[in-house]
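Reviewing the structure listed below.
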Amino acid sequence: MWCELHWDVYVPGTFITSAGLGTMGGFGLPAALGAKIARPDVPVLDIDGDGSFQMTMQNLALIREYDLPVIVTIFDNSTLMLVRHWQVMLYNRRIIAVDFNVNPDFMKIAEAYGIEGVRPSNYDELRSAVARAVRNNEALIVDVTIDRERDFVLPFVPSGKWLEEVIFPEGFKVDLRYRVRAMEGDFSIEIIMSNEVNPFDAVVRAMNVIRRGAR
Ligand SMILES: Cc1ncc(C[n+]2csc(CCOP(=O)(O)OP(=O)(O)O)c2C)c(N)n1
Ligand SMILES: [Mg+2]
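Mind the numbering: the sequence shown is residues 1 to 215 in our numbering, read in order.
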């Protein structure tokens with residue numbers, strides 16, 4: 001979800017996701033290995049959650065077995081945050097069956113598989129470790145500690161709710177513009193509207209413009 005919100009993609013085919021709304025835990029590492037097999041000439045980065053990583057981390061063996069030097073970043077919040085997030089925000093902080101109070105030491109996991117590991121304490125350490133791995137085409141496991149009490153994936157739309165009911169981070173200034181794209185036949189139109197407009201109205205309007213154009 002973080003990637004879908006924050007990662008800028010400039011080249012088609014360079015961002016691989018399980019799609020939907022981040023539906024498949026455990027997808028990242030095997031997908032990264034597949035991407036590296038397909039494109040050994042480019043750096044491949046797995047951006048993973050600590051929960052998701054632990055669903056398929058035994059695939060680390062393949063990094064050395066098949067010489068697939070990918071960079072694995074673990075967003076380590078010691079929880080299944082997407083689920084916790086719902087419990088905190090929508091279920092009155094009724095937190096159940098999500099927190100990992102005894103996560104393994106991911107640096108030791110890295111060492112056990114014979115892979116370089118780093119737990120950066122600031123941005124420069126992170127940058128230089130990743131830059132070195134990219135330069136040398138080497139595998140790396142980066143354990144990034146984040147705060148499960150603070151680092152929410154926002155904005156988000158609660159299930160069954162309308163887009164207007166999106167929850168923003170506290171203090172977030174809402175300056176939302178709906179970008180609506182509707183297609184029918186050969187016609188395609190993009191309408192950008194301010195948040196005074198209901199997005200569903202915008203879709204209907206866009207469809208009507210297309211129909212008029214098609215006539
Ligand atoms: C195989 C599988 N099991 C369960 C889920 C439901 N699910 C969606 S997100 C999530 C939490 C993922 O936790 P983590 O990978 O640590 O990422 P975080 O949300 O903490 O950043 C779970 C359990 C899923 N998507 N796929
Ligand atoms: Mg997590």
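C-beta: ideal position from N, C-alpha, C; glycine also. All values derive from a computational prediction rather than experimental measurement.
- The Cβ neighbour count for Leu5, taken over all protein chains shown within 10 Å, is under 16; the residue is labelled exposed.
- Beta-carbon to beta-carbon, Leu140 and Ile71 are separated by about 5 Å, close enough to satisfy the 8 Å threshold.
- C-alpha of Phe53 to C-alpha of Tyr10: approximately 26 Å in a straight line.
- Remark: the shortest separation between the CB of Gly28 and any heavy atom of ligand 2 does not fall under 7 Å.
- Within 7 Å of the C-beta of Thr73 there is not a single heavy atom belonging to ligand 2.
- Leu33: member of the alpha helix (DSSP H) spanning 28-38, first to last residue.
- Taking a cut-off of 8 Å on C-beta distances, the segment 84-102 does not touch the segment 61-75, as fewer than three cross pairs fall below it.
- A distance below 7 Å between beta-carbons, with the five flanking residues on each side excluded, links Ile16 to the following residues of its chain, in chain order: Ala31, Ala35.
- Tyr91 counts as exposed, since fewer than 16 other C-beta atoms from the protein chains shown sit within 10 angstroms of its C-beta.
- Here the segment 118-129 makes no contact with the segment 41-60; the two share fewer than three CB pairs at distances below 8 Å.
- Across the structure, Val166 and Val157 are spaced so that their CA atoms are roughly 4 Å apart.
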